[in-house]
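S.K.: First the structure, which I've put down as structure tokens, then a few questions once you've had a look.
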Amino acid sequence: MLATRIIPCLDVQNGRVVKGTHFLNLRDAGDPVERAALYDAQGADELVFLDITASHEKRDLMFDYARRVAEEVFIPFCVGGGIKTVEDFRRILKTGADKASINTAAVSNPELITECSKNFGAQCVVVAIDPKKTGTTPSGWEVYIHGGRTPTGLDALDWVREMEDRGAGEIMLTSMDADGTLAGYDIPLTHAVTQLVNIPVIASGGAGTLAHIYEAITEGGAQAALVSSIVHYGTHTVGEIKDYLADRGIPVRRVSI
Amino acid sequence: MKVAIIDYGMGNLRSVEKAFHKVGMGGAFITDDPAAVASADKAVLPGDGAFDSTMLSLRRSGVDDIVLEFIASGRPFLGICVGMQVLLTSSEEGDPDARGLDVVPGRVHRFPHQPGLKIPQIGWNTLNFVPDSPLGVDLPGQNSAEGGPMAYFLHSYYCAPDNPADIAATTEYGVPFCSALHRDNVWATQFHPEKSGPVGLAILRNFARL
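Protein sequence lines correspond, in order, to chains A and B. The first sequence begins at 1 in my numbering and counts up by one. The second sequence begins at 1001 in my numbering and counts up by one.
As structure tokens, this is what we get:
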């Protein structure tokens, strides 16, 4: 039986892991490769690196740590942040990353998703979507880009469906309202998206307790849960999350220690 | 021992190379040189993406003949993911006229549309190896009460060999499907052993020992 995935997400800036609230107030959370090895040992099913490095000159740092992660960690990982072209996408896959996620560039150039899916296969094309409840679109959820700073006027549910049609292999759904609050995933949003599309959905934003993760899977219908603060600051290990889920009948992959 | 990881411009080759190095196979190397493949002890064909475009790349680069010659020599050969699918005769994916290498008679199918069954299958799923399969021996978690060893899958299509004797392992995803195959000196996995943690590394070690 396919296991529900627990995926630690590492926001990376200038080659260091950071974590903030509502995309702001960043705190240092360590070296990407050390963190990756730690979560691998705890039984993480996958890793996501979201690069929020603003300066263009430092972009090569992304390729450096992705390469080092691929050398030391034998589980899949996804890299996102600043991908604008098919060539950017190819470069990230070449470092040893299994998938790349696209967010802002999908809005400014939806054809990019079609092209990447055609060139590299849907299985490695992750579309990251950051909706916020604004009430200004038919579903009430509006897509934001630029790390949550810019509203697009796009309806989140329409957008998710378009991305699936264009060949996205997976949706990484981060609720702007819930992210960093530790108050739980946005269950209505997660449920609406998982019911709508036929591709896997990774729920993201808001995990503060083990019960929140359980709810994202059972009530939200997510195939995977992205976790950050809850594991970065030692509240719980990935292994503890899986024990909790397994005790409640959710299929998970356990690693023997 | 030399393990040639065949480069034809597709696939995540570095991860495969690093994983072999991790299990002590320092002689694993990436190559697009036909002579280097021909002189290797074992060969690996990784693959990502679509069946038809992969076959096109194999034909354009002449790697299709290199692979067929290597397999005909009787030395151990391993296909991974789409590198498994192209060993079959044909596929439902893409161009209906695209032919595979036809080393293992059979067809590649798309997972069925079923309520709640997300496609692609992405994630860790359980491997049920046939008894005494050399690839499946001594895997971590094999005897655990928690359901057996798991490996990482990332695919929308799966292999259905015509001859059930070619199936080395099965996995369930909506339907039971062939997650590893074995025919004479040819081995292949639908999952990514290079991304399957300790279980995947053990499978690569088993292949290296064949």
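Even for Gly, the Cβ is constructed at its ideal location relative to N, Cα and C. Remember, predicted model here, so these are calculated numbers, not experimental data.
Put residue 77/A into one of helix, strand or coil per three-state DSSP.
M.R.: strand
S.K.: Compute the Euclidean distance between the alpha carbons of residue 1149/B and residue 1190/B, then round it to the nearest angstrom.
M.R.: 15 Å
S.K.: Determine whether the Cβ of residue 1050/B lies closer than 9 Å to any Cβ atom of chain A.
M.R.: yes
S.K.: Residues of the region 1014–1029 of chain B in Cβ contact with chain A at a cutoff of 8 Å, in chain order, please.
M.R.: 1014, 1015, 1018, 1019 and 1022
S.K.: Tell me which residues of the region 1157–1180 of chain B have at least one Cβ-Cβ distance to chain A shorter than 8 Å, keeping chain order.
M.R.: So the close ones are 1172 and 1173.
S.K.: Name the DSSP bridge partner or partners of residue 5/A?
M.R.: 224/A
S.K.: Take every Cβ of the region 1074–1085 of chain B, pair it with every Cβ of the region 1041–1058 of chain B, and state whether three or more of those distances are shorter than 8 Å.
M.R.: yes
S.K.: When the Cα atoms are used, what is the spatial distance from residue 1009/B to residue 50/A?
M.R.: 27 Å
S.K.: Taking a contact to mean a Cβ-Cβ separation below 9 Å, would you say residue 255/A touches residue 241/A in this structure?
M.R.: no
S.K.: Taking contact to mean 3 or more Cβ pairs, one atom from each stretch, closer than 8 Å, check whether the region 1091–1104 of chain B and the region 177–196 of chain A are in contact.
M.R.: Not touching, per the Cβ criterion.
S.K.: With 9 Å set as the bound, which would you pick, yes or no: does the beta-carbon of residue 1/A sit closer than that to a beta-carbon of chain B?
M.R.: Answer yes: the Cβ-Cβ gap between residue 1/A and chain B drops below 9 Å somewhere.
S.K.: For the region 1102–1117 of chain B against the region 1158–1172 of chain B, are there 3 or more C-beta pairs whose distance is under 8 Å?
M.R.: yes
S.K.: Determine the chain A residues that contact residue 1125/B at a beta-carbon separation under 8 Å, and present them in chain order.
M.R.: 1, 2 and 3
S.K.: Which residue comes first and which comes last in the alpha helix (DSSP H) that contains residue 1200/B?
M.R.: Residue range 1197–1209 is occupied by the alpha helix (DSSP H) that includes residue 1200/B.
S.K.: Could one say the Cβ of residue 71/A lies closer than 9 Å to chain B's Cβ atoms, at least one of them?
M.R.: yes
S.K.: Which residue comes first and which comes last in the alpha helix (DSSP H) that contains residue 163/A?
M.R.: 156–165
S.K.: Name, going along the chain, the residues of the region 208–242 of chain A whose beta-carbon falls closer than 9 Å to a beta-carbon of chain B.
M.R.: Only 221, 223 and 224 from the region 208–242 of chain A bring a Cβ to less than 9 Å from some Cβ of chain B.
S.K.: For residue 206/A and residue 1026/B, I'd like the C-alpha separation in whole angstroms.
M.R.: About 44 Å.
S.K.: For a contact defined as C-beta to C-beta under 9 Å, what are the partners of residue 42/A on chain B?
M.R.: Within chain B, no residue comes near residue 42/A; the closest Cβ sits about 11 Å away, beyond 9 Å.
S.K.: Whole angstroms is fine: what's the gap from residue 4/A's alpha carbon to residue 1042/B's?
M.R.: 35 Å
S.K.: Report, in whole angstroms, the separation of the C-beta atoms of residue 1204/B and residue 1134/B, which I expect to be a contact under 8 Å.
M.R.: Contact annotation, residue 1204/B with residue 1134/B: C-beta distance approximately 13 Å; criterion of less than 8 Å not satisfied.
S.K.: Against residue 92/A, what residues of chain B qualify as contacts under a CB-to-CB distance less than 8 Å, listed in chain order?
M.R.: By Cβ distance, chain B contributes nothing, its closest Cβ being about 11 Å from residue 92/A, past 8 Å.
S.K.: By the 10 Å Cβ neighbour count, where 16 or more other Cβ atoms means buried, how is residue 1202/B classified, buried or exposed?
M.R.: buried
S.K.: Mind pulling the chain A residues with CB within less than 7 Å of residue 1150/B?
M.R.: 3 and 253
S.K.: With residue 243/A as the anchor, note down where its alpha helix (DSSP H) starts and where it stops.
M.R.: 238–247
S.K.: How would you label residue 13/A, buried or exposed, when you count the other beta carbons within 10 angstroms and need 16 or more for buried?
M.R.: buried
S.K.: Could you name the residues of chain A that residue 1201/B contacts, counting a contact when the two beta carbons are closer than 8 Å?
M.R.: Within chain A, 74 have C-beta atoms less than 8 Å from the C-beta of residue 1201/B, given in sequence order.
S.K.: Touching or not, the region 1121–1130 of chain B and the region 1013–1024 of chain B, by the rule of three or more beta carbon pairs under 8 Å?
M.R.: no
S.K.: Check the Cβ-Cβ distances between residue 1194/B and every residue of chain E, and say whether any is below 9 Å.
M.R.: You won't find chain E in this structure, because its protein chains are A and B.
S.K.: Go ahead and pull the three-state DSSP assignment for residue 173/A.
M.R.: Shown here, residue 173/A sits in a strand according to DSSP, grouped into three states.
S.K.: Residue 164/A: buried (16+ other C-beta within 10 angstroms of its C-beta) or exposed?
M.R.: buried
S.K.: For the region 92–110 of chain A, enumerate the residues whose C-beta is nearer than 9 Å to any C-beta of chain B, in chain order.
M.R.: 93, 94, 95, 96, 97, 98 and 99
S.K.: Among 32/A, 40/A, 34/A and 1/A, which one has its Cα closest to the Cα of residue 237/A?
M.R.: 40/A
S.K.: Using DSSP with H/G/I as helix, E/B as strand and the rest coil, what is residue 40/A?
M.R.: Here residue 40/A carries a helix assignment [DSSP, helix/strand/coil].
S.K.: Report yes or no: do the region 113–121 of chain A and the region 137–144 of chain A share at least 3 C-beta pairs separated by less than 8 Å?
M.R.: no
S.K.: Among 1194/B, 1005/B, 1147/B and 1192/B, whose alpha-carbon lies nearest the alpha-carbon of residue 251/A?
M.R.: 1147/B
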